[in-house]
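Q: Pasting in a structure now, in C-alpha cells, and then I'll have a few things to ask.
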Amino acid sequence: MAILTASRTTAPPRPVARRRPRRRVPPVLLAFLLVPLAVEGFWVFWPALQGFWLSLTNWDGVSAPAFVGLGNFGELAGDPIFRGAALNTLIWLVLFGGLSAVGGLGLALLLQQERRGVGFYRAALFTPVVFSLVATSLIWQALYQPDGLLNQILPVSWRHAWLADPDTALYAVLVPALWRQVGYVMVLYLAGLKGIDPTLFEAAKIDGAGRWQQFRFVTWPQLRSVNSVVLSVIIIDSLRSFDVVWAMTKGGPYHSSELLSTYMYATAFQSLRLGYASALAVVIFVLAFGVIVAYLVRAFREDDQ
Amino acid sequence: MRHKAFHLVAGTLSVLWLLPIALVLLTSIRTFDDIAGNGLGALPHSFSLGAFDEAWNAGGQAQAMLNSLLVTVPTVLLSLALAAASAFALSRFHIPGRRAIILLMLAGNLLPPQILLVPVSKLCELLGIYDTLPALVVVQVGFGLGFYTFVLQGFMRAIPGEIQQAATIDGAGVVTIFWRIILPMTRPALAALAALCFTWVFNDLLWAITVLRTGTVMPVTPALLGLQGQYVSTWNVVAAGSVIAAIPTVAVFLRFQRHFISGLAIGAVK
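For the record, the sequence lines run as chains E and B. If you count the first sequence from 1, position 152 lands on 255 in my numbering, and the numbers rise without skipping. If you count the second sequence from 1, position 171 lands on 181 in my numbering, and the numbers rise without skipping.
Now the structure itself:
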C-alpha cells in the first residue's frame, strides 16, 4: 500500500505562524524538529547514499568493497534474468496498475450512489485490502492447487498447474494482487466522486447531457487530481510489489514471475552479491524517480495553498 | 428493473470477492483426512478446530503474534509521537526552510525500499541489533516518519492561529501548546494514521525478512511463510494460520472503519 497525502478534513489550510515576526526558535522546538529528522536521516537518507555508493562496488558483504565503476550496470545490460525481470515489471505495471485503476474507477462509479445494500458491497470489495499480501498469497495458492477450487470449477481441458507453469505463473500471481488493490483504488475514487459538486450534474442534465456525456464532460475532468494520485500510487506500488511474488513463487519457476524487486532481494540476500543487488536497486530508483518528483511537485503546490 | 440489475452486478462481484475468504475459512475447519480424501476444492465433510490449535501452538503462531505486537505497538506509538512533534514545529512556527524540510522528509518515504535494504541490514549488524525486534521497530519508524509528518503538518496548519496566540499570551510554553492544544485538536488525523500505520507495519514482509533471520523472532506475516514451509500441503493448518494472521488487522479495520477509510481517502479529494 502506498502513500497518500491528507490535510483537508477540517478547514482549508492556512499559514498561521508567518504573520507575526518570530524571535529565535526556542530550543525545545528545535529538538521537536531535529530528533525526528535525525531518525529519518540515520535510517533512510544515510543508507540511501550508501546504497548508491555500493552499486559502484563488487561488495560481497564479507571482504572490503572494491570500486568497480559502472561495471555492475554493464553486467546488468547483458543479464538475461534482469531483462526478463524488467519486462515482467513492465507487464506488472501495465496490468496490475492499469486494471486496478480501471476496475477501481468502475466499481466506484457503480457504488457511488447511496442506496440500500451499497455499504455491504463496498465493504465486501474493500475487505481484502486489510489482509497482508502474504495471507492473500496463501489463500490464492490454495485456490490454484491441482485439486483446488479453480481447477474444480473449470472444464477439464482448462485444468492447469497455474503457479508451476512458467507461461502462467506471472499472471497467476497478478490476480491476487489485483484482488487486493482494486478495493483500495475504489476507495480513492469514491472519495473523489463524493467531492464533485452535484449542481454540476444538474446543470449538465438541464443542458441535455446523457450518462456518457456527463461522465466525459463532468465526472472525468473533475477527477483530475484523484487521477494523478491514483497514477502515482499504482506506479509506486507496482515497482514496490514484492510480497505477493515472494510468497507465491519466489520469482520462479525459472524466473518466469521474477520482478526487479524480487530479483534484487534474491541477489542481495541469497546470492550475497550486495554490489550487484545495489545496482539493481538503483535501477528501480531511477524508474521511480520521475513519479517521486511529480508527486513532490504536487505536494509542494498543495502545501502552498 | 434498473434496481435489480444493479444488485445483480454488485451482488455477483461481492460474492466473487468474498469467495476466496469463505474458502479459506472453510478449509481451516476441515480435517487433514477430509482434505486428502475429498480434495482441497471440495465442500467440507468434517468440522474441527484442530488446525487452529496446531497453527497456534506447534506452528509457533502464538510466539509470532507476540512478536508482531511487540513490533507494531511501539512502531505506531513512536512514529506518531515523532511525526507529531516535527509536524508541530513545521506547521505552527516559522522555521527557516520549512517547506524544503517537509518535502525532503516526504521524499524519504517515497524512495523504493530496495535502495535501503542492503545498507540497512548491514547497519543493523554494525549496531549489534540485527535479528532483534528493536531493529525492525527503528527501521519502520524511520521509513514511515516522512509520510506521517507530511500528513500531520497539513492537518495542524488548518488549526486557527488565534487559539495558539491566546495561549501564548496566557504564558503557555511550547510544550504546553503542543500537548494541551494542538495534539488534542489533531486527534482525528492521529487516529486515521494509527489505524493505517498498524495495518502497514503488521502486514509488512520485506523489512522483517531484511533485518530478521531466526524463525522464533519473526512477526506473524513473515512467519506465515515459515508455517507454509513447515506444513507443506497440510492446507487446513496453513488456512488456519492465514485466518489467525488476518484477525488483528480485520479487528482494527472494523473498530476504526471510519478513520481507516478517511485516512486512505482524504488524499484523493485534494
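We put the CB at the ideal spot given by N, CA and C, even for glycine. The model shown is predicted, which means the values in this text are computed figures rather than measured ones.
1. Taking only the alpha-carbon atoms, compute the straight-line gap between E:Ala109 and E:Glu217 and give it to the nearest angstrom.
2. Report the rounded CA-to-CA distance for B:Met75 versus B:Val221, giving the unit in angstroms.
3. Output yes or no for whether 7 Å exceeds the beta carbon distance between E:Val336 and B:Phe263.
4. Nearest-angstrom Cα distance between E:Leu253 and B:Phe103?
5. Taking CB distances under 7 Å as the criterion, tell me whether B:Gln73 reaches chain E.
6. Closer than 7 Å, CB to CB, is E:Ile242 near chain B or not?
7. Residues bridged to E:Phe170 by DSSP?
8. Can you list, in chain order, the residues of its chain with a C-beta nearer than 8 Å to that of B:Val147? Leave out the 5 residues immediately preceding and following it.
9. Look at the alpha carbon of E:Thr365 and the alpha carbon of E:Arg219, and state the distance between them as a whole number of angstroms.
10. Would you report the Cα separation of E:Thr271 and B:His55, rounded to the nearest angstrom?
11. List in chain order: all unbroken alpha helix (DSSP H) runs of 4+ residues lying wholly within the segment 351-387 of chain E.
12. Select from E:Arg343, E:Val321 and E:Glu178 the residue whose C-alpha is nearest the C-alpha of E:Leu390.
13. Please work out which residues of its chain come closer than 6 Å, Cβ to Cβ, to B:Val211, disregarding the five sequence neighbours upstream and downstream, and give them in chain order.
14. Just by C-beta distance, which residues in the segment 194-219 of chain B are closer than 9 Å to chain E?
15. Within 10 angstroms of its Cβ, does E:Ser203 collect 16 or more other Cβ (buried), or is it exposed?
16. When you compare the segment 152-168 of chain B with the segment 133-152 of chain E, are there three or more beta-carbon pairs, one atom per stretch, that lie closer than 8 Å?
17. Nearest chain B C-beta to E:Trp195 closer than 7 Å, yes or no?
18. By the 8 Å beta-carbon criterion, what residues does the segment 121-135 of chain B contribute toward chain E?
19. Name the residues in the segment 137-152 of chain E whose C-beta lies less than 9 Å from a C-beta of chain B; which are they?
20. For B:Leu59, does the three-state DSSP call read helix, strand or coil?
21. Strictly below 8 Å CB to CB, what residues from chain E border B:Ile31?
22. Is there a Cβ of chain E sitting closer than 7 Å to that of B:Ser56, yes or no?
23. If you compare alpha carbons, which of E:Ile387, E:Gln153, E:Arg376 and E:Phe345 is closest to E:Ser235?
24. Is it the case that the CB of B:Ala199 approaches a heavy atom of the ligand SAH more closely than 6 Å?
25. Short of 6 Å in beta carbon distance, which residues of its chain neighbour E:Ala350, apart from the five on each side in sequence? Order them along the chain.
26. Grab me the residues of E:Ala280's own chain with a C-beta within less than 6 Å of its C-beta, minus the 5 sequence neighbours each way, in chain order.
27. Is the segment 236-255 of chain B close to the segment 35-43 of chain B, with three or more CB pairs under 8 Å?
28. Rounded to whole angstroms, what is the Cα-Cα separation between B:Asp180 and E:Ala294?
29. By how many angstroms is the C-alpha of E:Thr370 removed from the C-alpha of E:Ser359?
30. Spatial neighbours of E:Leu210 within its chain, please: CB distance less than 7 Å, with the 5 preceding and 5 following residues excluded, ordered by chain position.
31. Thinking C-alpha only, which one of B:Pro129, B:Leu90, B:Ser24 and B:Ser96 is nearest E:Phe148?
32. Short of 6 Å in beta carbon distance, which residues of its chain neighbour E:Trp265, apart from the five on each side in sequence? Order them along the chain.
33. Are the C-beta of B:Val279 and some C-beta of chain E separated by less than 7 Å?
34. So which of E:Gly222, E:Val329 and E:Trp261 has the shortest CA-CA distance to E:Tyr208?
35. If you draw a straight line from the alpha carbon of E:Phe155 to that of E:Gly378, how long is it in whole angstroms?
36. Would E:Gln255 count as contacting chain B if we go by Cβ distances under 7 Å?
A: On the basis of the supplied data:
1. For E:Ala109, the pLDDT reaches just 40, beneath the cut-off of 50, and the residue's location in the model is therefore unreliable, although a value from the coordinates is still provided. For E:Ala109 and E:Glu217, the distance between alpha carbons rounds to 24 Å.
2. 18 Å
3. no
4. 59 Å
5. no
6. yes
7. E:Thr160
8. Val81, Pro84, Thr85 and Leu88
9. 44 Å
10. 32 Å
11. 363-372
12. E:Arg343
13. Thr82, Thr85 and Gln150
14. Met195, Pro198, Ala199, Ala202, Leu203, Leu206, Thr209, Trp210, Phe212, Asn213, Asp214, Leu215, Leu216 and Ile219
15. buried
16. yes
17. no
18. Leu121, Pro122, Pro123, Gln124, Ile125, Leu126, Leu127, Val128, Pro129, Val130, Ser131, Lys132 and Leu133
19. Leu137, Val138, Pro139, Leu140, Val142, Glu143, Gly144, Phe145, Trp146, Val147, Phe148, Trp149, Pro150, Ala151 and Leu152
20. coil
21. Thr230, Pro231 and Ile242
22. no
23. E:Phe345
24. Within the structure as shown, the ligand SAH is missing, as the structure has no ligands at all.
25. Val237 and Ser240
26. Phe199 and Val347
27. yes
28. 41 Å
29. 16 Å
30. Leu228, Val285 and Met289
31. B:Pro129
32. Tyr247, Thr271 and Ala275
33. In this prediction, B:Val279 has a pLDDT of 38, which is less than 50 and means its spatial position is unreliable; nothing more can be read from the coordinates.
34. Note that residue 208 of chain E is Leu in the sequence shown, not Tyr. Among E:Gly222, E:Val329 and E:Trp261, the Cα nearest to that of E:Leu208 is on E:Val329.
35. 10 Å
36. yes
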